[in-house]
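Chains as they are written, first to last, in the numbering used here: chain D, 1 to 161; chain G, 1001 to 1757.
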């Protein structure tokens, strides 16, 4: 087995794993690091359930070869907020009905976070575009968009002190 | 009106923190020591018999622990749907499939499965299974499958060639006489497509058999108790040896997992037995598209006879639906008829329908369950009648919709309807008076407004076995524990049941804990489908809480030295009317505990049903240069009885609407000439994304049905029903053309526009 060492920065901490050439970043996160918050919905980069943030950009981890993450910064849902200190997106998703089955939720939050990290005052169209690669079959997207708007408002208040 | 504490509030749901942090466990997230991974070999032909199958090379691949095929697997005939466990006499369940068959009836039918140390090894092993097929003739259209020269797919078809189960007929009066007496008649046949649930969590299961023979299955099933029953049947086990549970989270369902999730549960258990190791099987997305049930496609013919003043006189609904390769759920036929005849008054009514086997993926339950198909045809035809009569389509509907007390074909009374209010409020919000006046004639875009109405059910009693038992117990610290066998796959049922229990008992919502979806610790529950969970389990909770309250008051009366009748329970305090004597539930529960008493009961749902009602109004834009139809705004007015959690109700409506727009305009599954499914991934199965959704306005109307918990009725499916006809009626308003086939794709509109020039 032709294994290679992969070292990268995951949620702010350096991690090191041994990967096969055919492993994807999603495989590494879920099966080796047991971070199952990132989901597999299609395995082809078409549904967005596997979205993580790579160097500040939302990407589909199921089609990223694991070695591409070498030396890079990866953020997953596990690194976003915590039970006692939720990220504004987690607050608004929780309170505004943006979560039904929850399977698309981690990916949705990561895509939204990638947007809000760059732009804390997005238009409705910019929000739609940011999550256009994240399929949701339950909510119809309406309350998800509202939750992203709500989180943006909280972040703006935080940024303006 | 009594002031409510927990009901009618959009509280933070009980499962959301697990979900927004990624900590919530779904089936594919489970890791059990020693776990093996399973993959399935699927038939590449639409109809074939296995002449020879050799699994030895696959078995010898290092890392492979077991290979299953029809030679070495259970020969018990079954049906993957929960229906096989609760079909009510005189009907008989149709058991027409095996875990691995010798005869394969659609491209994707399961041939064999491998359990190995990794998914990759299992996938490699599939290539080493040698199969010799005898290719049999295949048929893909239900009408063709009834022809004399069509191949026979299953041996027993007493009602006719390839017809599944029996034909369903609902005759009310002499329909021929009804049309003879009618002064105006319209008739049309419609074609409806295959739609797929496409829930974002693919089908999956994890199974483990203990040394003592105890079978445990974690899966996203919508119906743990019936699924347990199917497993016990398939492997010939006592029910008590089988546990089925959600892990606890389920990534959507929409009817795709009423019973087995594809065949995942059965395959996992079979391999767990063979290997003595836990087995995980997770369907790839294309497997989920091909190897699990779809919505019934087919043909619906509507004929309406009316008097010149618009009074409906005769209503006839006929349907032939495509069943696909296996029977699974056959009831959508009957529901199509019952729901199409359950909206309007007419002295003469007739329904005739059946489904037909074809060599395509099996059709089963999908949100709406026959109703969206029938409503599409019916509501487009009602608009045709309005045009012929020169009447406003809303006025024609208002004149004919059923009111409580009217006779109808359904075996329970209609005790509430807010449909008129739905129609009037929805019409106002969409700007109904602008119909026919939106176009200036300039530019290539035409705008139109259309409407449609519908009904549904709040559970499936009495059409099949449908009941809930719920366990309710006051804990020693005064908090409340509720255990129900329904799952929560995103409906928020866990939360709304807690609200119902809190309100009924008289404690704060924060004092209620609900467990769902595990057969181990819950009495039998039919499960979550037919928009039943809140209506049925909520009703059962009320029954249990009434019994608990009388026991609490009986106990507290002794402690407080007063009469039980004088006591009430509010905000967790038991007190007399004037408040002079009081005791907290916490104190009562603990002191009762010290005397060997717990307040614990099982509640049961009643044999009742109630119709939700809905009216949808769509504003569309049609680009006459491309034929593209875009929904600009959709107003959905719903009589839900009572909104226990308004946010959940809106969420169900909004989500259904988006699925409904997909049904109307872009989602379809087709098969090529070799029976192979063409749409097998999200790139070519066209679901709406966030960029495609229209403006949606939801109007909730509460009629407080006397049979529902706090007046609530079902809400999971109703919003799926009127979307497609509202859109197609709006297209007619925009460009003057009626279409009788969905999805209404741009090329169809473009062709029609050019043909009419």
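Note that CB positions come from ideal geometry on N, CA and C, so glycine has one too.
Contact check, residue i vs residue j, beta carbons under 8 Å
i	j	result
residue 1526 (chain G)	residue 1488 (chain G)	no
residue 1357 (chain G)	residue 1164 (chain G)	yes
residue 1046 (chain G)	residue 1106 (chain G)	yes
residue 74 (chain D)	residue 10 (chain D)	yes
residue 1267 (chain G)	residue 1381 (chain G)	no
residue 1439 (chain G)	residue 1508 (chain G)	no
residue 1681 (chain G)	residue 1078 (chain G)	no
residue 1721 (chain G)	residue 1296 (chain G)	no
residue 113 (chain D)	residue 154 (chain D)	no
residue 1226 (chain G)	residue 1082 (chain G)	yes
residue 1541 (chain G)	residue 1501 (chain G)	yes
residue 1478 (chain G)	residue 1568 (chain G)	no
residue 1215 (chain G)	residue 1269 (chain G)	yes
residue 1361 (chain G)	residue 1325 (chain G)	yes
residue 1027 (chain G)	residue 1224 (chain G)	no
residue 1354 (chain G)	residue 1547 (chain G)	no
Which of helix, strand or coil DSSP assigns to residue i
i	result
residue 1584 (chain G)	strand
residue 1677 (chain G)	strand
residue 1451 (chain G)	strand
residue 61 (chain D)	helix
residue 1400 (chain G)	helix
residue 73 (chain D)	strand
residue 1336 (chain G)	helix
residue 1179 (chain G)	helix
residue 1408 (chain G)	coil
residue 1120 (chain G)	helix
residue 1738 (chain G)	coil
Same chain, Cβ closer than 6 Å to residue i, five either side skipped, listed in chain order
i	result
residue 1406 (chain G)	1345
residue 961 (chain G)	Since the displayed chain G opens at 1001 and closes at 1757, residue 961 (chain G) lies outside it and no answer follows.
residue 1646 (chain G)	1010
residue 1635 (chain G)	1426, 1429, 1430, 1617 and 1697
residue 1103 (chain G)	1049
residue 1575 (chain G)	1582
residue 1273 (chain G)	1209
residue 1759 (chain G)	The structure shown does not extend to residue 1759 (chain G), since chain G is modelled only from 1001 through 1757, so no value can be given for it.
Limits of the alpha helix (DSSP H) - the one that residue i falls within
i	result
residue 1552 (chain G)	1538–1560
residue 105 (chain D)	105–118
residue 1376 (chain G)	1371–1389
residue 1731 (chain G)	1723–1735
residue 1633 (chain G)	Note, residue 1633 (chain G): premise wrong, no alpha helix (DSSP H); beta strand (DSSP E) at 1629–1639.
residue 1027 (chain G)	Unbroken run through residue 1027 (chain G): none, as it is neither H nor E.
N-terminal and C-terminal residue of the beta strand (DSSP E) that residue i is part of
i	result
residue 1322 (chain G)	1312–1324
residue 1362 (chain G)	No beta strand (DSSP E) holds residue 1362 (chain G); DSSP gives it neither H nor E.
residue 1153 (chain G)	Here residue 1153 (chain G) belongs to no beta strand (DSSP E), and DSSP marks it neither H nor E.
residue 1515 (chain G)	1512–1516
residue 1208 (chain G)	1204–1209
residue 1705 (chain G)	That residue, residue 1705 (chain G), is in no beta strand (DSSP E); it is neither H nor E in DSSP.
residue 1081 (chain G)	Where residue 1081 (chain G) is concerned, there is no enclosing beta strand (DSSP E), given that its DSSP letter is neither H nor E.
residue 1616 (chain G)	1613–1623
Same chain only: Cβ atoms within 7 Å of residue i, ignoring 5 sequence neighbours per side
i	result
residue 1658 (chain G)	1688 and 1693
residue 70 (chain D)	6, 7 and 8
residue 26 (chain D)	38, 40, 50, 61 and 62
residue 1566 (chain G)	1576 and 1577
Same chain only: Cβ atoms within 8 Å of residue i, ignoring 5 sequence neighbours per side
i	result
residue 1665 (chain G)	1629, 1631, 1727, 1742, 1743, 1744 and 1745
residue 28 (chain D)	6, 17, 19, 66 and 69
Chain-ordered chain A contacts of residue i [CB-CB under 9 Å]
i	result
residue 129 (chain D)	The structure shown contains no chain A; its protein chains are D and G.
**Message:** Please identify, using Cβ separations under 9 Å, the residues of the segment 1012–1023 of chain G that lie next to chain D, in order along the chain.
**Reply:** 1012, 1013, 1015, 1016, 1017, 1018, 1019, 1020, 1021, 1022 and 1023
**Prompt:** Mind listing which residues of the segment 131–143 of chain D have their C-beta closer than 8 Å to chain G's C-betas, in chain order?
**Reply:** 131, 132, 133, 134, 135, 136, 137, 138, 139, 140, 141, 142 and 143
**Message:** So if I threshold CB-CB distances at 8 Å, which residues from the segment 32–64 of chain D count as touching chain G?
**Reply:** 34, 35, 36, 37, 38, 39, 40, 41, 42, 43, 44, 46, 47 and 49
**Request:** With 7 Å as the limit, tell me which residues of the segment 93–110 of chain D have their beta carbon closer than that to any beta carbon of chain G; keep them in chain order.
**Result:** 93, 94, 95, 97, 99, 100, 101, 102, 103, 104, 105, 106 and 109
**Request:** Below 9 Å between beta carbons is the criterion; list the residues of the segment 62–93 of chain D that meet it against any residue of chain G, in chain order.
**Result:** 76, 77, 78, 80, 81, 82, 83, 86, 87, 89, 90, 91 and 93
**Near-chain D residues of the segment 1267–1300 of chain G (beta-carbon distance less than 8 Å), N- to C-terminal order** = Answer set for the segment 1267–1300 of chain G: 1282, 1284 and 1285.
**Asked** Closer than 9 Å, Cβ to any Cβ of chain D: which residues of the segment 1678–1691 of chain G, in chain order?
**Response** The residues in question are 1681, 1682, 1683, 1687, 1688, 1689, 1690 and 1691.
**Request:** Mind checking the segment 1238–1258 of chain G against chain D and listing, in chain order, the residues whose C-beta falls within less than 9 Å of any C-beta there?
**Result:** Answer in chain order: 1249, 1250, 1251, 1252, 1253 and 1254.
**Prompt:** Got a sec: which bits of the segment 1028–1052 of chain G sit with their beta carbon under 8 Å from any beta carbon on chain D, in order along the chain?
**Reply:** 1028, 1029 and 1031
**Asked** Looking at chain D, which residues of the segment 1655–1673 of chain G have a Cβ within less than 8 Å of any of its Cβ atoms?
**Response** Cβ contacts with chain D come from 1655, 1656, 1657, 1658 and 1659.
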